[in-house]
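Since the structure comes first, as structure tokens, the remarks are kept for the end.
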Amino acid sequence: MSEIVQSEPFVMNIGPQHPSTHGVFRVKATVDGEQVVDAEMVIGYLHRSMEKLAEERTYTQNIPFTDRTDYLSSMSNNLGYCLAVEKLAGIDVPPRGQAIRVIMAELQRLASHCMGAGAFANDTGAWQTPIMWFMREREKILDIFELTSGARLTCNYMRIGGVAFEIPEDFEEQVRALIGPMRETIADGEGLLSGNEIFLVRARNVAVIPPELAINASLSGPMLRGSGIAWDIRKADPYCGYEQYDFEIPIGYQGDAYDRFIVRLEEMRQSLRIIEQALDGLPGGPHSTEVPLSLRPPAGEAYARIESPRGELGYYLVSDEGPSPYRFHIRPPSLINLSVLKEMTVGGSIADAIVALGSIDIVVGEIDR
Amino acid sequence: MTRWWSGEELAAEAERLVPGSVSKISATACIFKAENLVQVLSALRDNPATNFAHLSNLCGVDQWDRFEVVYHLQSLEMNQIACAKVEVQDREEPSVPSVVSIWQGAWIQESETYDLFGIRFEGHPNLQRILLWDGYPGYPLRKDFLSMPGGLQPGLNEFAGTSAKPEPPVRPVE
């Protein structure tokens, strides 16, 4: 066979119904042989126009909507929205409410990263074993959420001025019981994957994002930290008393898919540290302040952001002194992290594009809203 | 802690860099003129005192008589954030300059704002509807989209003509 096989570019659709797209999301990839020469994302399959719906409902009625944007981290989304309303209306949260919020947000980060890291291992070809280990631990966290709020995924637990209910009696015991096994599972997952030759070949130097691009493209969360930029809103702009807790910001140094995976694993360890500290120093007192049922914040605007598992989750609210927000905007970290998909995939193979997409850890409910 | 710039501080810094660029000042934000928006925002990014290298958020607001495009500019190195705005009065063909040449992260947020508000961003490399399909009637986040006769609001109440009740209360949630 001395003849050179000629190939020409053609368009291939990855998704919208494909396990590697993690939801209803399509990549229109132009491929030349095995090489991706262009990648265009097609989104909007899950668009529910939450920003418009929220303009017709009261501030409290909007909390369940935020569950349904990033359905893998509903607690974080509740928290971001409640912080924005509290900033707008000037409401303070009692210390116990803040500590419960921190515990819930960190448990949610663990649950979300279990899913993110496990699904990423699946995408690289470590078929089912790591994700099952992580899902086993995530299940315990969802049980705690069910115990506390009555729901596993769409928790609807945070309220403006605090949280909805007091934590149950055996909450602390159950949370402490999951910390040890969770540490072991993180170590097991890291031991299985981080030195694994196949995993290294699949993830090292794949989908590299240089730090300049990461900043210029407004990336946040593990995508930004994987590129070596130590930026974490919990440290930079502490909310809910995060300044009291001792934790570190893990960063990568090459900006590839592997670094983002390792950053997620290390963040899980740091979350466990925060949970332990918050449980040790859990203050007494009320879990929330009294807030009028039909809250009418003074006219103005507020932008509050938190470090959600996926990055900088911002809520921009405009009030006209009415009972519902005049404008309700979500800054979705998944969507903005996804906007560098072309830079991450072009030049690599189709298999690398799947790894690149997996390393972003997208949630399509948040992309489309 | 992050330093949140007030509108006056941002306006003073912007006037120093690009004189005559500020149109109005509010407590939280500085409103720039559209004609030199790109010039002033890129000067704010490159100026060492501001260093707004990270565009945190970009969104539109419909204020009935005008559209606002809101930019939250952030500096990771200096840990500070500021809010800039630009206003456009024209409701038929609203258009503001695109800032994709300054921050690449703006392109997807500008596309979303175009999709939901119908604000054109001049200079955007690939401005098209991303969440809704081509040919979708209207722009849903505008306040006059789906406005009902008789002060009815879509969502909380039934649509006009489908209810036998003469005048349902507009906001029963009070």
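Each protein sequence line maps, in turn, to chains D and E. The first sequence lines up with residues 1 to 369 when you count with this note's numbering. The second sequence lines up with residues 370 to 543 when you count with this note's numbering. Glycine included, each C-beta is placed from N, C-alpha and C at the ideal position.
The alpha helix (DSSP H) enclosing residue 102(D), as first and last residue numbers: 95–124
Selection from 148(D), 244(D), 262(D), 247(D) that minimises the alpha carbon distance to residue 194(D): 262(D)
Where residue 6(D) falls, given that 16 or more other Cβ within 10 Å makes a residue buried: exposed
Residue span of the alpha helix (DSSP H) that contains residue 259(D), given as start and end: 257–280
Counted within 10 angstroms of its Cβ, other Cβ atoms place residue 437(E) as buried (16 or more) or exposed: buried
Residues sharing a beta bridge with residue 30(D), DSSP: 11(D), 38(D)
Within 7 Å of chain E by C-beta, residues of the stretch 327–340 of chain D in sequence order: 327, 329, 331, 335, 336, 339
Alpha-carbon to alpha-carbon, residue 384(E) and residue 455(E): 15 Å
Interface flag, residue 537(E) vs chain D, CB-CB below 9 Å: Below a pLDDT of 50, predicted positions are generally treated as unreliable, and residue 537(E), at 47, falls in that range; the measurement from the model is reported next regardless. Not an interface residue.
Spatial neighbours of residue 211(D) in its chain, beta-carbon cut-off 6 Å, leaving aside the 5 residues before and after: 227, 228, 229
Segment contact flag, the stretch 461–477 of chain E with the stretch 416–435 of chain E, C-beta cutoff 8 Å, min 3 pairs: yes
Interface partners of residue 425(E) on chain D, CB under 9 Å: 218, 220, 303, 305, 312, 314, 331
Chain E contacts made by the stretch 23–49 of chain D, where a contact means CB separation under 7 Å: 43, 44, 47, 49
CB contact flag (residue 218(D), residue 76(D), <9 Å): no
Limits of the alpha helix (DSSP H) - the one that residue 174(D) falls within: 171–193
Coarse secondary structure for residue 251(D), derived from DSSP in three states: coil
Contacting residues, own chain, Cβ-Cβ under 6 Å from residue 88(D) (five flanking each side not counted): 297, 302, 317, 319
Residue environment, residue 325(D), which counts as buried when at least 16 other CB atoms sit within 10 Å: buried
Buried versus exposed, by CB contacts within 10 Å (16 or more), residue 527(E): Below a pLDDT of 50, predicted positions are generally treated as unreliable, and residue 527(E), at 47, falls in that range; the measurement from the model is reported next regardless. Label assigned to residue 527(E): exposed.
N-terminal and C-terminal residue of the beta strand (DSSP E) that residue 328(D) is part of: 327–331
Extent of the continuous beta strand (DSSP E) to which residue 454(E) belongs: 449–457
Partner residues on chain D for residue 509(E), Cβ-Cβ distance less than 9 Å: 49, 51, 52
Outcome for residue 222(D) when other beta-carbon atoms lying within 10 angstroms are tallied against a minimum of 16: buried
Residue 408(E) versus residue 466(E) - alpha carbon distance: 10 Å
In chain order, each alpha helix (DSSP H) run of at least 4 residues that lies wholly inside the stretch 377–461 of chain E: 406–415
Expected contact under 8 Å - CB spacing of residue 369(D) and residue 47(D) to nearest Å: 7 Å
Chain D contacts from the stretch 448–470 of chain E (Cβ-Cβ distance under 9 Å): 448, 450, 452
Sequence-distant residues of the same chain with beta carbon closer than 6 Å to residue 244(D), five excluded per side: none
Whole-Å CB distance - residue 453(E) paired with residue 410(E), under 8 Å assumed: 7 Å
Contacting residues, own chain, Cβ-Cβ under 6 Å from residue 97(D) (five flanking each side not counted): 162, 163, 287, 288
Straight-line gap, residue 69(D) to residue 50(D) (C-alpha atoms, nearest Å): 8 Å
Residue 462(E) to residue 489(E) span [Cα, whole Å]: 8 Å
First through last residue of the beta strand (DSSP E) which encompasses residue 306(D): 300–308
Beta bridge counterpart(s) of residue 313(D) as assigned by DSSP: 306(D)
Distance, residue 182(D) Cα to residue 433(E) Cα: 52 Å
Interface flag, residue 514(E) vs chain D, CB-CB below 9 Å: yes
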